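Novice: Protein chains in written order, with the numbering used here: chain A, 23 to 350; chain B, 832 to 1100.
In this text, a Cβ means the ideal position worked out from N, Cα and C, and glycines have one as well.
None of these values were measured; they are calculated from a predicted model.
1. Applying the criterion that 16 or more other CB atoms from any shown protein chain within 10 Å of the CB defines a buried residue, is residue 184 (chain A) buried or exposed?
2. If you follow the alpha helix (DSSP H) that residue 1011 (chain B) is part of, which residue opens it and which one closes it?
3. For residue 849 (chain B), count neighbouring Cβ atoms within 10 angstroms of its own Cβ and tell me buried if that reaches 16, exposed if not.
4. What is the DSSP secondary structure of residue 155 (chain A), counted as helix, strand or coil?
5. DSSP on residue 45 (chain A), reduced to helix/strand/coil?
6. Applying the 10 Å Cβ sphere with the 16-neighbour rule, what's the burial state of residue 869 (chain B)?
7. Check whether chain B comes within 9 angstroms of residue 241 (chain A), counting only Cβ atoms and requiring the distance to be less than that.
8. Just curious, the alpha helix (DSSP H) that residue 930 (chain B) is in, first and last residue?
9. Can you find a C-beta in chain B that's less than 9 angstroms from the C-beta of residue 332 (chain A)?
10. Hey, quick one: how far does the beta strand (DSSP E) through residue 872 (chain B) stretch, first residue to last?
11. Quick one: using the 10 Å Cβ neighbour count with 16 as the cut-off for buried, is residue 291 (chain A) buried or exposed?
12. So, is residue 347 (chain A) buried or exposed, given that buried needs 16 or more other C-beta atoms within 10 angstroms?
13. Quick one: is residue 321 (chain A) buried, meaning 16 or more other Cβ sit within 10 Å of its Cβ, or exposed?
14. If I measure Cβ to Cβ from residue 1065 (chain B) and keep anything under 8 angstroms in the same chain, skipping five residues before and after, which residues do I get?
15. Tell me whether the beta-carbon of residue 209 (chain A) lies closer than 9 angstroms to the beta-carbon of residue 1023 (chain B).
16. Can you name the start and end residues of the beta strand (DSSP E) that residue 240 (chain A) belongs to?
17. Under a CB-based cut-off of 9 angstroms, is residue 98 (chain A) close to chain B?
18. According to a CB-to-CB cut-off of less than 9 angstroms, which residues of the segment 1019-1036 of chain B neighbour chain A?
19. Return the bridge partner residues of residue 849 (chain B) from the DSSP annotation.
20. Verify the contact flag: residue 101 (chain A), CB atom, against every heavy atom of the ligand NAP, threshold strictly below 8 angstroms.
21. Measure from the C-beta of residue 67 (chain A) to each C-beta in chain B and report whether the shortest distance is under 9 angstroms.
22. Name, please, each residue of chain B whose Cβ falls closer than 9 angstroms to the Cβ of residue 71 (chain A).
23. Three-state secondary structure (DSSP) at residue 85 (chain A)?
24. Kindly list, in the order they appear in chain B, the residues whose Cβ is closer than 8 angstroms to that of residue 125 (chain A).
25. Given that a residue counts as buried once 16 or more other Cβ atoms are within 10 Å of its Cβ, and exposed if not, what is residue 122 (chain A)?
26. Output, in chain order, the set of chain A residues within a Cβ distance shorter than 7 angstroms of residue 877 (chain B).
27. Could you compute how far the alpha carbon of residue 167 (chain A) sits from the alpha carbon of residue 264 (chain A)?
28. Consider the Cβ of residue 205 (chain A): report whether some Cβ of chain B lies at a distance smaller than 9 angstroms.
29. Going by Cα to Cα distance, which pick from A:33, A:237, A:163, A:95 is closest to residue 226 (chain A)?
30. Which residues of the segment 314-326 of chain A have a Cβ closer than 7 angstroms to any Cβ of chain B? Give them in chain order.
31. Helix, strand or coil for residue 1076 (chain B) per DSSP?
32. Using 8 angstroms for Cβ pairs, my map puts residue 304 (chain A) next to residue 109 (chain A). What's the rounded Cβ distance?
33. Which same chain residues end up closer than 7 angstroms to residue 953 (chain B) when comparing Cβ atoms and leaving out the 5 residues on each side of it in sequence?
34. In the DSSP assignment, the beta strand (DSSP E) including residue 1067 (chain B) goes from what residue to what residue?
35. If you scan the segment 113-147 of chain A from start to end, which runs of the alpha helix (DSSP H) of 4 or more residues do you find wholly inside it?
36. For a minimum of 4 consecutive residues, which ranges assigned as the alpha helix (DSSP H) are wholly contained in the segment 216-280 of chain A?
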């Protein structure tokens, strides 16, 4: 299938998923008629729920999913490594550390903008560290570097919690780290969206340089690709997109890993062709997961990060097994 | 059920130490400060607001067994869920330890208060506190509310709400309200959509009295909550609503007064 056709199919599926997301709530799927039937109070309540609760939630799910999917595809193309994704490279943990520091030093209460800004600073720091440690050392070294940086960032989170003066800090952060889009408002959406859009824009233009890079670094340089500029673009774009996304939702993993792998069998392995379909697939996956958290009949709401982990971790295991089979 | 190993029979303990926020409240209510060795550090911020000044006058501990051994109290009060490693160590070393339950209804409050008072040798003080509690409850029972006020409690972070069978539920009911989380078919947690549909009259949000920054602050509240429940959201001291001390009845009276103020405001055009 060609990339534009797949993008069209995914785009249509995404629009349908967004419509379902606007209708789905904790009590099941509403019929659109509730906005026009019933008394004034019921109609106003239905519209309030639609515009103030579900609309920001749906938009955030789309943007966060697209950010994760696109940054996963770009990182896999840049490192020429099928296991690269923002979570595995420690970027999400770095963003979590930045956000936790913003909240528990009181900066976040003083200036709400501080939370996404520190989130992206943490993401940028973590990605710089991982690529410095493991870039160019092959599959194993990069994943190990990502694990090491992730461990360092999560230790930082634990330290921040340990020293936080507020006695409820541990409970709050354990809730936040599970990853959730529940009850997010326009305040948070409008704060994080500019950063995510900026990050997506930076990452979107890396298609052709990544194609050249797949031939090798020297070959890419000889074709005119500015390697330091590309590296900076990948890092900054990932940090902006994933950092802001994590600061709003908490730790939602595996979307960046799964989305490119789902589209590659359909569009081929050329990095540029995978970018847009990955972004759309990531958005579709996250919107679907968010709908599932609302509709699944569980005694308590299943958190988004838990659901993506339950689906993504087995996928990761299957990938590792496949890689093992190819190598041996 | 209260477990009471290693309590020396006979003389009342001269010096008592408390490791738990709930037992702190009981201890400060039953004994004079001279007989209290230390209370937990949380009492200075998260405890009963009415006891805050007293809590600042008493030394605090961080709940470690070493602090207990160095202070050498005659009795240690702990909760059933106080750090199990600490409790096990104290028991093994032979420190007199009393594990106190929380109560979930008024009979429970009376029995917990009396059992702790028996161990402290403060039975007379306990009876006067319980008499005060009964007077408050009688005052409330003599003023039934025509339409109960529908209330939902919430800690402010996560989505846990106090449900049926909790002391919160008992306090709200005694004050003339209904805890909507106890109604059949109520959602299990705090989900904004469900809250807007259930439309309680009043939201009770767990207060955080320490000034330390936290994720749950006023600015982080969803704008819809701030708009729709402006003036209908109260903070409540979770420690008093969750423990089981006679002061809980006074809290029920304060809640009833809050219901009156709410009704008066809504009756005004």
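Specialist: Short version:
1. Against the first chain, residue 184 (chain A) aligns to sequence position 162. With fewer than 16 other Cβ atoms within 10 Å, it is exposed.
2. Indexing the second chain from 1 puts residue 1011 (chain B) at position 180. No alpha helix (DSSP H) holds residue 1011 (chain B); DSSP gives it neither H nor E.
3. The count along the second chain starts at 1 and reaches residue 849 (chain B) at position 18. Buried, by the Cβ-count rule.
4. Translated into the one-based positions of the first chain, residue 155 (chain A) becomes position 133. Here residue 155 (chain A) sits in helix by DSSP.
5. On the first chain, residue 45 (chain A) is found 23 positions in, with the first residue counted as 1. The answer is helix: DSSP assigns residue 45 (chain A) an H, G or I state.
6. On the second chain, position 38 is the one that residue 869 (chain B) refers to. Buried, by the Cβ-count rule.
7. The residue labelled residue 241 (chain A) in the question sits at position 219 within the first chain. Not an interface residue.
8. For the purposes of this step, residue 930 (chain B) is taken as residue 99 along the second chain, with counting starting at 1. Residue 930 (chain B) -> not in any alpha helix (DSSP H); beta strand (DSSP E) instead, spanning 928-931.
9. The sequence position of residue 332 (chain A) within the first chain is 310, counting from 1. By this cut-off, residue 332 (chain A) is not an interface position.
10. Stepping through the second chain from its first residue, residue 872 (chain B) is reached at position 41. Note, residue 872 (chain B): premise wrong, no beta strand (DSSP E); not H, not E.
11. To locate residue 291 (chain A), count along the first chain from 1; it is residue 269. Exposed, since its Cβ has fewer than 16 Cβ neighbours within 10 Å.
12. Mapped onto the first chain, residue 347 (chain A) falls at position 325. Residue 347 (chain A) should be labelled exposed.
13. Against the first chain, residue 321 (chain A) aligns to sequence position 299. That one is exposed.
14. Translated into the one-based positions of the second chain, residue 1065 (chain B) becomes position 234. 1033, 1034, 1035, 1036, 1089.
15. By one-based count along the first chain, residue 209 (chain A) stands at place 187. By one-based count along the second chain, residue 1023 (chain B) stands at place 192. No, they are not a contact pair.
16. Locating residue 240 (chain A) in the first chain gives position 218, counting from the first residue. That residue, residue 240 (chain A), is in no beta strand (DSSP E); its alpha helix (DSSP H) goes 239-244.
17. Indexing the first chain from 1 puts residue 98 (chain A) at position 76. No - not a single Cβ of chain B is within 9 angstroms of the one on residue 98 (chain A).
18. 1019, 1020, 1021, 1022, 1023, 1024, 1025, 1027, 1028, 1030
19. For the purposes of this step, residue 849 (chain B) is taken as the residue at position 18 of the second chain. Its beta-bridge partners are B:908.
20. Annotation note on the ligand NAP: not contained in the displayed structure, which lists no ligands.
21. As a position in the first chain, residue 67 (chain A) is number 45, starting the count at 1. Yes, contact with chain B.
22. As a working note, residue 71 (chain A) is residue 49 in the first chain. Those are 1023, 1024, 1027, 1028, 1055, listed as they occur along chain B.
23. Counted from its first residue, the first chain places residue 85 (chain A) at position 63. Three-state DSSP puts residue 85 (chain A) in a helix.
24. The residue you call residue 125 (chain A) lines up with position 103 of the first chain. Residues of chain B passing the Cβ test: 1044, 1045, 1046.
25. Taking the first residue of the first chain as position 1, residue 122 (chain A) is located at position 100. Counting Cβ neighbours within 10 Å, residue 122 (chain A) comes out buried, since at least 16 surround it.
26. Within the second chain, the letter at position 46 stands for residue 877 (chain B). The answer, in chain order, is 189.
27. Translated into positions along the first chain, residue 167 (chain A) becomes position 145. Translated into positions along the first chain, residue 264 (chain A) becomes position 242. Taken atom to atom, the span from the alpha-carbon of residue 167 (chain A) to that of residue 264 (chain A) is near 19 angstroms.
28. Stepping through the first chain from its first residue, residue 205 (chain A) is reached at position 183. Chain B contact via Cβ: present.
29. What you label residue 226 (chain A) is simply residue 204 of the first chain in a count that begins at 1. The residue with the shortest Cα to Cα distance from residue 226 (chain A) is A:95.
30. Flagged, chain order: 321, 322, 323.
31. Here residue 1076 (chain B) refers to the residue found at position 245 of the second chain. Coil, per DSSP.
32. By one-based count along the first chain, residue 304 (chain A) stands at place 282. By one-based count along the first chain, residue 109 (chain A) stands at place 87. Incorrect: roughly 12 angstroms between the Cβ atoms, too far for contact.
33. Along the second chain, one-based indexing puts residue 953 (chain B) at 122. Within the same chain, residue 953 (chain B) has close Cβ partners 861, 862.
34. On the second chain, position 236 is the one that residue 1067 (chain B) refers to. From DSSP, the beta strand (DSSP E) with residue 1067 (chain B) extends over 1064-1067.
35. The segment 113-147 of chain A contains these whole alpha helix (DSSP H) runs: 113-126, 129-132.
36. 229-235, 239-244, 249-271
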